[in-house]
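Below is one structure; the comments refer to it alone.
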Amino acid sequence: MIVNHENRITREAYKGNRIFRAGWIHLGIHVEEFVPDIFRVRGMQVAKRTMNLLYKLQHEDPTVESLLAATGFFGPRGLNKSGRDFASTLLPYFIYATNSISEYINDQNVWDGFMSHMVEHMVGEPWTNV
190 MIVNHENRIT REAYKGNRIF RAGWIHLGIH VEEFVPDIFR VRGMQVAKRT MNLLYKLQHE
250 DPTVESLLAA TGFFGPRGLN KSGRDFASTL LPYFIYATNS ISEYINDQNV WDGFMSHMVE
310 HMVGEPWTNV
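So in the numbering used here, the last spot in the sequence shown is 319, and the numbers never skip.
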């Protein structure tokens, strides 16, 4: 077996037991020029920050609890400052981006549970999958 840093990361990132299947990373979610104007935030790299969160989620166990913990948006009292900031700036593009990778989700039930909890707690309204 060849152990090389890039190869090991690639194999780890695309294991079949992750939340996303292989190929999602190549859809251009991280490219700022592809972000529709309606989702842009002045002075912020919306695509890069969204991609960073998706990449964090990819490396967690595919359970609702571990995905929610990986966001770092929730504390003992609910939504923390980081979560409120995300909700007010990045959440629309995050939802847009996740809709575009829906065919790459390994476990739709886990993903729906994660999105439902996260969005409901951020916007205060029930989440319905788009």
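In this text, a Cβ means the ideal position worked out from N, Cα and C, and glycines have one as well. In this text, all values refer to a predicted model and were calculated from it rather than measured experimentally.
In three-state DSSP terms, what is Gly302?
Here residue 302 corresponds to residue number 113 of the sequence shown, with the count starting at 1. Looking at Gly302 - three-state DSSP - the assignment turns out to be helix.
For Leu359, tell me which candidate among Ile214, Val230, Arg207, Gln297 has the shortest Cα-Cα distance.
Only positions 190 to 319 of the chain appear in this structure, which leaves residue 359 out of reach.
Let me confirm a value: Ala236 is counted as buried when at least 16 other C-beta atoms fall within 10 Å, else exposed. Which label applies?
For this step, residue 236 is matched to residue 47 along the sequence shown. With 16 or more Cβ atoms within 10 Å of its Cβ, Ala236 is classed as buried.
Coil, strand or helix - Gly272 by DSSP
Against the sequence shown, residue 272 aligns to sequence position 83. The answer is helix: DSSP assigns Gly272 an H, G or I state.
Through-space distance from Leu257 to Gly302, alpha-carbon basis:
The residue given as residue 302 occupies position 113 in the sequence shown. The residue given as residue 257 occupies position 68 in the sequence shown. Those two C-alpha atoms are separated by around 10 Å.
So, Asn288 versus Pro251, is the Cβ gap smaller than 8 Å?
Here residue 288 corresponds to residue number 99 of the sequence shown, with the count starting at 1. Here residue 251 corresponds to residue number 62 of the sequence shown, with the count starting at 1. No, the pair does not count as a contact, with Cβ atoms beyond the cut-off.
Phe209 by DSSP, collapsed to three states: which one?
Taking the sequence shown and counting its residues from 1, one reaches residue 209 at position 20. Three-state result, Phe209: strand.
Use the C-beta contact count for Gln297: other C-beta atoms within 10 angstroms, 16 or more gives buried, fewer gives exposed.
Here residue 297 refers to the residue found at position 108 of the sequence shown. Gln297 should be labelled exposed.
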